[in-house]
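For reference, the structure is listed below as structure tokens.
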Amino acid sequence: MNTTLSPVLFISALRWAATAAAMLAAGCANTPPTASAGASDTAASAAAAGSTTTTLPPPRPAGSSTAGQARTFSTQLATYTSVSFDAVPGWARDDFSESWPAFLGSCKVLTGRGAEWKDVCARALRVDSKNNSAIRAFFEQEFSAYQIRDDDRKPDGVVTGYFEPEIPGSRQYAAPFIYPVYGQPEDMLFADARKLPAGSGTVAAKVEGRNVVVQTGLSTRDMGAPGLYALDLSAITRDTLDRKVRLRIEGKQLLPYYTREEIETKGAPNAKVLAFVSSATALYEMQIQGSGRIKLANGDIIRVAYAEQNGQPFRPTLAQAANGKPRSPVKVRGSSIELQLDDGDEDDDVGGPATGTIRTRGFTLAQPTASGAVLVPGRRTAGPVVGSGIKDPSYVFFKESPSPSGGPVGAFGVPLSAGRSIAVDPRSTPLGYPVFVSTRAPGTGAPMQRLTIAQDTGGAIRGAVRADYFFGNGQQAANNARRMKERGQLWILLPRGLAVATAAVSSAIRTRGGPAGAGLPQCLVPTEGVCVDD
Numbered sequence: 001m002n003t004t005l006s007p008v009l010f011i012s013a014l015r016w017a018a019t020a021a022a023m024l025a026a027g028c029a030n031t032p033p034t035a036s037a038g039a040s041d042t043a044a045s046a047a048a049a050g051s052t053t054t055t056l057p058p059p060r061p062a063g064s065s066t067a068g069q070a071r072t073f074s075t076q077l078a079t080y081t082s083v084s085f086d087a088v089p090g091w092a093r094d095d096f097s098e099s100w101p102a103f104l105g106s107c108k109v110l111t112g113r114g115a116e117w118k119d120v121c122a123r124a125l126r127v128d129s130k131n132n133s134a135i136r137a138f139f140e141q142e143f144s145a146y147q148i149r150d151d152d153r154k155p156d157g158v159v160t161g162y163f164e165p166e167i168p169g170s171r172q173y174a175a176p177f178i179y180p181v182y183g184q185p186e187d188m189l190f191a192d193a194r195k196l197p198a199g200s201g202t203v204a205a206k207v208e209g210r211n212v213v214v215q216t217g218l219s220t221r222d223m224g225a226p227g228l229y230a231l232d233l234s235a236i237t238r239d240t241l242d243r244k245v246r247l248r249i250e251g252k253q254l255l256p257y258y259t260r261e262e263i264e265t266k267g268a269p270n271a272k273v274l275a276f277v278s279s280a281t282a283l284y285e286m287q288i289q290g291s292g293r294i295k296l297a298n299g300d301i302i303r304v305a306y307a308e309q310n311g312q313p314f315r316p317t318l319a320q321a322a323n324g325k326p327r328s329p330v331k332v333r334g335s336s337i338e339l340q341l342d343d344g345d346e347d348d349d350v351g352g353p354a355t356g357t358i359r360t361r362g363f364t365l366a367q368p369t370a371s372g373a374v375l376v377p378g379r380r381t382a383g384p385v386v387g388s389g390i391k392d393p394s395y396v397f398f399k400e401s402p403s404p405s406g407g408p409v410g411a412f413g414v415p416l417s418a419g420r421s422i423a424v425d426p427r428s429t430p431l432g433y434p435v436f437v438s439t440r441a442p443g444t445g446a447p448m449q450r451l452t453i454a455q456d457t458g459g460a461i462r463g464a465v466r467a468d469y470f471f472g473n474g475q476q477a478a479n480n481a482r483r484m485k486e487r488g489q490l491w492i493l494l495p496r497g498l499a500v501a502t503a504a505v506s507s508a509i510r511t512r513g514g515p516a517g518a519g520l521p522q523c524l525v526p527t528e529g530v531c532v533d534d
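Residue numbers (the working numbering): 1 to 534.
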């Protein structure tokens, strides 16, 4: 057979080869580091042990912002850099079977978040839940690991702990049980901050159900019309993670929802009282923890979980050191407060009545100097209504949890697993995602390196490299959680092919508090109701 090419075909073949070579080179330049031979051997041994072979998603175009393709990308608060799994400290030593139930719990929600998660979670059901090698291989095959750094490119952050407190209480109002545990108020309204006009003027708005809708084309002269209210934009906090503004009606005005002091001194007539407790500070700690158990005199337990918040910023009263500075270094960004690295000598100071402090989620708070009765609608108070003395304007409302056993339900909507669930800042770490944490155990300082699942958040959890271990319930869990404040690093696991932050990181210098240049998203993965980009 004659194999000689015509000149035209020969030139076409050369062009095709050159194009293919260029595409191959571009793909190599944008492909993240692969796992080393050690990781590959782990996967091979897992396959031999009976794990199901995983089919990887088709590759995306080189350079696109997809997990497994992009080497690095950024949001407003974080930078993510691809690493191989054996570059993650402690990865090969972890017992992944301990985190597997928490991951499968997340899959119940994540399957509704797109094709990538639906496919990954479907394949997870075929993995032997007791085979540690098979589970490790699954994560290595299905995910890409990215180290999280803050906006200064620093890899170190703060790892704290929390727990499910148990406090005595009663269904009935009678001393000493005089502090109400409120459910979500029925008069709380919501406005979408993304739909509010810019500026600080006053606009006309209507109330549709629980939603506040600004009426365009109307002015304050139209406020006399039925169903219209005045909304003063200057009083609005817009930078909540979920972009929801919490409001209430007073006359013809829409105002921010009540502060803690207003709730305690004026009451919350439109909120159901779930129970009464005897300590305002214990209730405050339960609000910061986000869940808890109320033990009645007959031994029954009322389990409560986070329902809503009043929309006011978290502003705790920090205990002062001998030099007059706060014992918990913090940084304020807009309406949020971030706990800073400390490396101090507070490891054994867990707080308590004797010390005049409350140690919770890494913060050392000052107990109120004076605490008295609060107003409860429909109840006659014993003594003057002076309030709890807690100055933090934020206030958490609860709901009764139907789950009598297992962990409390976190912000992701699934029960938390002691030692394997963490609370995160959802701007930089989406809820439901696997996160490998490297830190030290409280008290002993021994390395604590394990795969966790991001299943919770909270007003006290802010910052890119920020994790809060859930230690469970009971006295030992409380001691560990109160003592936990360590330096740590985080690696998020992203399903291969998942679309992430759309803007690639540039070589420009990033300044504290934000990136150099505009256009970076706030959220790694925007999710309605958790973290929403403008």
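Even glycine gets a Cβ: it sits at the ideal position worked out from N, Cα and C. Given the structure is predicted, the values throughout are model-derived calculations rather than measurements.
Where D468 is concerned, the enclosing beta strand (DSSP E) starts and stops at R466 to N473. Assigned with DSSP and collapsed to three states, Y162 falls in strand. From the listed residues P316, G389, E528 and M286, the smallest Cα separation to R303 is found for M286.
Beyond the five residues adjoining it in sequence on each side, T237 comes within less than 6 Å, by CB distance, of S335 in the same chain, given in chain order. Between the segment 468–483 and the segment 431–448 there are three or more C-beta pairs closer than 8 Å, enough to call the two in contact.
Counting C-beta pairs closer than 8 Å gives three or more between the segment 159–168 and the segment 292–311, which meets the contact rule. With a minimum length of 3 residues, the unbroken runs of beta strand (DSSP E) contained wholly in the segment 60–106 fall at 72–74 and 78–83. CA-CA distance, R243 to N131, rounds to 42 Å.
Counted as a single uninterrupted DSSP element, the beta strand (DSSP E) harbouring F190 occupies residues L189 to D192. The residue from Q312, A198, R427 and S278 with its alpha-carbon nearest to that of A297 is S278.
Three or more Cβ pairs drawn from the segment 444–463 and the segment 92–105 lie within less than 8 Å of each other, which places the two stretches in contact.
Shown here, L233 sits in a helix according to DSSP, grouped into three states. In the DSSP assignment, S279 falls outside any beta strand (DSSP E) and carries neither an H nor an E. Distance from the CA of D128 to the CA of R136, rounded to the nearest whole angstrom, comes to 11 Å. Nearest Cα to E116 within the set A423, A382 and L498: L498.
Per DSSP, the unbroken beta strand (DSSP E) holding E308 starts and ends at I301 to Q309. Cβ neighbours of G68 within its own chain (closer than 7 Å, five residues either side excluded): P32, S144, R496 and G497.
Given a length threshold of 4 residues, each whole run of the alpha helix (DSSP H) inside the segment 247–275 is given here in chain order: 260–266.
K485 sits buried, since 16 or more C-beta atoms from the chains shown fall within 10 Å of its C-beta. Taking the Cα positions, V424 is about 45 Å away from R221. Of all C-beta pairs linking the segment 173–184 to the segment 193–211, fewer than three are shorter than 8 Å, placing the two stretches out of contact. DSSP places L218 in the coil class of the three-state scheme, outside both helix and strand. Of the candidates A205, R246, D239 and G157, the residue whose Cα lies closest to the Cα of F190 is R246. For D150, DSSP records a beta bridge to A78. In the DSSP secondary-structure assignment, P180 is bridged to F276.
Residue pairing by DSSP puts C531 in a beta bridge opposite T527. Around the beta-carbon of D150, 16 or more other beta-carbon atoms lie within 10 Å, marking it buried. By the C-beta density criterion, I263 is buried, having at least 16 other C-beta atoms within 10 angstroms. Apart from sequence neighbours up to five positions away, the residues of its chain that approach D156 with a beta-carbon distance below 8 Å are L341, V465, R487, G488 and Q489, ordered along the chain. Taking C-beta atoms as the reference points, V396 and Q253 fail to come closer than 8 Å. Taking the CA atoms as reference points, F314 sits about 18 Å from V158. For the segment 381–453, the full-length beta strand (DSSP E) segments reaching 3 residues or more read 396–400, 421–424 and 434–440 along the chain. Distance from the CA atom of D533 to the CA atom of C523, rounded to whole angstroms, is 6 Å. In this structure, T357 is the residue among A307, T357, T265 and I288 with its C-alpha nearest to the C-alpha of A321.
Counting every other CB atom within 10 Å of its CB across the protein chains shown gives A370 a total below 16, marking it as exposed. Of the residues assessed, A275 falls on the buried side of the cut-off, its CB having 16 or more other CB atoms within 10 angstroms.
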